[in-house]
Amino acid sequence: MNKCEQDLLGKVYVVTGGNSGIGFEAARNFAARGARLVLICRSEQRGRAALAKIESETGNDQGLLYVADFSSLESVSAVADRLLREFLKIDVLCNNAGSANGKRSETSEGFETTLVTNHLSGFLLTKKLMPALERAAASGQARVVFTSSYGHTNSALNFDDLGLRTGYKTLVAYGRSKLMNLLTARELQRRVGEHNIVTSSFHPGAVRTPIWSKGGLLARTIGFVIYPFMVSIKKGTDTFIWLASSEDPASVGANGHYFYERRKVRVAEHATDADAERLWDVSEELVAPFV
Numbered sequence: 018m019n020k021c022e023q024d025l026l027g028k029v030y031v032v033t034g035g036n037s038g039i040g041f042e043a044a045r046n047f048a049a050r051g052a053r054l055v056l057i058c059r060s061e062q063r064g065r066a067a068l069a070k071i072e073s074e075t076g077n078d079q080g081l082l083y084v085a086d087f088s089s090l091e092s093v094s095a096v097a098d099r100l101l102r103e104f105l106k107i108d109v110l111c112n113n114a115g116s117a118n119g120k121r122s123e124t125s126e127g128f129e130t131t132l133v134t135n136h137l138s139g140f141l142l143t144k145k146l147m148p149a150l151e152r153a154a155a156s157g158q159a160r161v162v163f164t165s166s167y168g169h170t171n172s173a174l175n176f177d178d179l180g181l182r183t184g185y186k187t188l189v190a191y192g193r194s195k196l197m198n199l200l201t202a203r204e205l206q207r208r209v210g211e212h213n214i215v216t217s218s219f220h221p222g223a224v225r226t227p228i229w230s231k232g233g234l235l236a237r238t239i240g241f242v243i244y245p246f247m248v249s250i251k252k253g254t255d256t257f258i259w260l261a262s263s264e265d266p267a268s269v270g271a272n273g274h275y276f277y278e279r280r281k282v283r284v285a286e287h288a289t290d291a292d293a294e295r296l297w298d299v300s301e302e303l304v305a306p307f308v
């Protein structure tokens, strides 16, 4: 590593979904700047390959891989327990893992797959890691960043059917989960902001990542049509890295807001404070058996 770029030396960065796409690009940036990198990935093989590539390209050999299936709250809870045992403090948590699913399905724990993979698992991980984040915040600012999307504008939440038992559509399920990410960041800031923990969410743009091939025929078709207009992974990661590591006053003071291209931007009218609080309470009830 170039010594002049080691501004994150001594900081612990946890990145979920860091083996590909914007998660990998962000993780590589943090490692290149000296951070102690922790990747949480579903596939051990792909996670190890990503970590090896990061080590080769950055010279930072302090990275660690933790394996967790984000469609299983039991798996996420177990990895959170392990992290708490092995790290006294965590400076930055990047909740980036997510997927799009072409057909409705339920996990063995009884949750709709998109709901648990894109929202509940990140919510549970954040909740359980809070002691380590608070310890980091005691000596310097801690941050929690959620990867959201403009797709949050697709549909308001229906609290009577968060699992979309009726009227399931891939883009609606995905969009609602991204709305949940945005609302969770906002409500988390309201609850823990006084402890020097800053939260945020962001839209990376329409990025050329594999997610477009995993959401069924409609998502693949949309991905094909807009592919020429998509942004590179590097460009899509810029706001992510900025929110997670910059000393820019706007990122230091993100305060639960939603960003695009390093700017705080408007959210959908249905992204209300009332829904943020209600979603938090409902999510706490759903994950309670796994805390």
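Quick note on the numbering used here: the sequence shown kicks off at 18 and runs consecutively.
Ideal placement from N, C-alpha and C gives every residue a C-beta, glycine not left out.
In the three-state reduction of the DSSP assignment, glutamate 204 falls in the helix class, which pools H, G and I. Under the Cβ criterion (8 Å, minimum of three pairs), the stretch 78-98 does not count as touching the stretch 154-171. Apart from the 5 residues on each side of it in sequence, aspartate 24 sits with its Cβ closer than 6 Å to the Cβ of Arg50 in its chain, given in chain order. Relative to leucine 303, the option among Phe163, Gly139, Ser172, Ala271 whose CA is nearest is Gly139.
Methionine 197 has its alpha-carbon roughly 8 Å from the corresponding atom of leucine 174. By the criterion of at least three beta-carbon pairs nearer than 8 Å, the stretch 282-296 is in contact with the stretch 168-184.
Under DSSP, serine 218 shares a beta bridge with Phe163, Tyr275. Arginine 280 counts as exposed, since fewer than 16 other beta carbons sit within 10 angstroms of its beta carbon. Taken through DSSP and simplified to helix, strand or coil, threonine 183 comes out as coil. In the structure shown, isoleucine 39 adopts helical secondary structure according to DSSP, grouped into three states. Rounded to the nearest whole angstrom, the CA to CA distance from glycine 270 to glutamate 264 is 9 Å. Under a 10 Å Cβ-count criterion, histidine 136 is classified as buried, with 16 or more other Cβ atoms of the shown protein chains found around its own Cβ. DSSP places valine 282 outside both helix and strand once states are collapsed to three, so it counts as coil. Counting along the chain, isoleucine 57 sits inside no alpha helix (DSSP H); it lies in the beta strand (DSSP E) bounded by residues 53-58. Just so you know, the alpha carbons of threonine 183 and aspartate 78 end up roughly 48 Å apart. Going by DSSP, valine 299 is part of the alpha helix (DSSP H) stretching over 290-304.
Rounded to the nearest whole angstrom, the CA to CA distance from alanine 202 to glutamate 123 is 25 Å. Out of Lys252, Ser268, Leu141, Ser300, the CA that lies nearest to the CA of glycine 40 is found in Lys252. With distances taken between CA atoms, histidine 220 lies nearest to Phe163 out of Phe163, Glu204, Asp178, Lys145. Beta-bridge analysis with DSSP links glutamate 126 to no other residue. Apart from the 5 residues on each side of it in sequence, tryptophan 297 sits with its Cβ closer than 6 Å to the Cβ of Glu204 in its chain, given in chain order. Taking a cut-off of 8 Å on C-beta distances, the stretch 115-135 does not touch the stretch 68-77, as fewer than three cross pairs fall below it. In the DSSP assignment, valine 133 falls outside any alpha helix (DSSP H) and carries neither an H nor an E.
By a beta-carbon distance limit of 8 Å, lysine 28 contacts aspartate 108. Their separation comes to about 4 Å. Across the set Gly76, Leu82, Asp290, Arg53, the C-alpha of Asp290 shows the shortest separation from the C-alpha of arginine 208. Considering only Leu200, Gly119, Leu82, Asp86, the residue with the shortest C-alpha distance to alanine 190 is Gly119. The criterion of a C-beta distance shorter than 8 Å is satisfied by glutamate 126 and glutamate 91. The beta carbon of glutamate 151 sits closer than 6 Å to those of His212, all from its chain and outside the five residues before and after it, given in chain order. DSSP, read as helix, strand or coil, puts asparagine 213 in coil.
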